[in-house]
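Numbering (our numbering), first residue to last: 238 to 501.
Where is the CB? At the ideal position from N, CA and C, for every residue including glycine.
To start, the structure itself, in structure tokens.
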Amino acid sequence: MTHKDDSVYVLGSGASLLTLTPEEKEYLQGQTTVAMNKYLLFWHIVGVYPKWHFLADQHYPALRIMQESYLLTQEMRRPVQWLLHANYRDVFGLDSEQAAARAEQVERYKTDYGFGYQPTLRIDPVTYFERSQDSADIAWAESLDEPMANFRGSLSTLINLLCVLDLGRTIKLLGVDLSSSESFYDAEYLHRRDLHDVYTRLQLSKPRSMHFTALPWYGKSGIQGQMGTIVSLARAAGHDIVCCNPHSLLVEQGVCEFAPVLPA
Numbered sequence: 238m239t240h241k242d243d244s245v246y247v248l249g250s251g252a253s254l255l256t257l258t259p260e261e262k263e264y265l266q267g268q269t270t271v272a273m274n275k276y277l278l279f280w281h282i283v284g285v286y287p288k289w290h291f292l293a294d295q296h297y298p299a300l301r302i303m304q305e306s307y308l309l310t311q312e313m314r315r316p317v318q319w320l321l322h323a324n325y326r327d328v329f330g331l332d333s334e335q336a337a338a339r340a341e342q343v344e345r346y347k348t349d350y351g352f353g354y355q356p357t358l359r360i361d362p363v364t365y366f367e368r369s370q371d372s373a374d375i376a377w378a379e380s381l382d383e384p385m386a387n388f389r390g391s392l393s394t395l396i397n398l399l400c401v402l403d404l405g406r407t408i409k410l411l412g413v414d415l416s417s418s419e420s421f422y423d424a425e426y427l428h429r430r431d432l433h434d435v436y437t438r439l440q441l442s443k444p445r446s447m448h449f450t451a452l453p454w455y456g457k458s459g460i461q462g463q464m465g466t467i468v469s470l471a472r473a474a475g476h477d478i479v480c481c482n483p484h485s486l487l488v489e490q491g492v493c494e495f496a497p498v499l500p501a
């Protein structure tokens, strides 16, 4: 029987997830795991099914990712607990009258993006959260009544949320490589053009570069530029952040300490 430790494991998209050993995968199945973004759509490649799934993105194809991910869990009869930006509350779970009032908006979205989302799809169980505007001036939330931190992508938001929910004293990052743009699902993802967004196109134009969130953008540094602040804020809230990939940019730059997946 796998002992559950006092940690929460974040499952990102980095290619380092492909190096997990069978022993590590088995161990993770007994732990608190929170996957991000597209992970659920390609979880079979890694073989670690998450307990929680987080999605904060709003731009296309976020609704497609959300709907496909949820329907996948229903098809497999393996529910997860959802952590969703509050805007999703206004998109899914509508009653028939509300859905009828949104019919024109749904049709316009389908015309623009070639995808018709199902407004009556009821997401459950779910925890909703708000997040602040993207800013290097990190605004740290202490409860769900406040917007979560937001700097250069979803990672800062998720870390703040995990501290608020207190799912584990230590937040362990897996597949948060940043030193490379490669993901564990590249081989399948490249053929899913319906899942590509503007950031995908930018990343594909620089295939050997760091992850997009680690690159400077409109005068802002990469996420690593503020990760030290995020680590300090998390520690002040009683949580440590470590990275399970020794080659992660966060470890290489001394922002996060390395820790193996399996406890010593």
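Within the same chain, 347 come within 6 Å of residue 353 by CB-CB distance, once the 5 residues on both sides are set aside. Bridge pairing for residue 288: absent [DSSP]. By alpha-carbon distance to residue 486, the top candidate from 266, 341, 418 is 418. For the pair of segments examined, the region 260-267 was found not to touch the region 420-436: the number of CB pairs separated by less than 8 Å stays below three. When Cβ pairs closer than 8 Å are counted between the two stretches, the region 398-418 is seen to touch the region 485-499, the count reaching three or more. Setting aside the 5 residues that flank it on each side, residue 379 is surrounded in the same chain by 401, 474, each with a C-beta closer than 8 Å to its C-beta; the list follows chain order. A straight line joining the alpha-carbon of residue 479 with that of residue 391 spans about 17 Å.
Boundaries of the alpha helix (DSSP H) around residue 426: 423-426. Here DSSP, grouped into helix, strand and coil, assigns residue 327 to helix. Exclusion of the five residues before and after residue 484 leaves 253, 414, 416 as the residues of its chain whose Cβ lies within less than 8 Å of its Cβ. Annotation for residue 481: no alpha helix (DSSP H) segment contains it, and DSSP assigns it neither H nor E. Closest by C-alpha distance to residue 298, out of 338, 432, 464, 363, is 432. In the structure shown, the three-state DSSP call for residue 282 is helix.
Contact holds between the region 312-320 and the region 283-297, because three or more Cβ pairs, one in each stretch, are under 8 Å apart.
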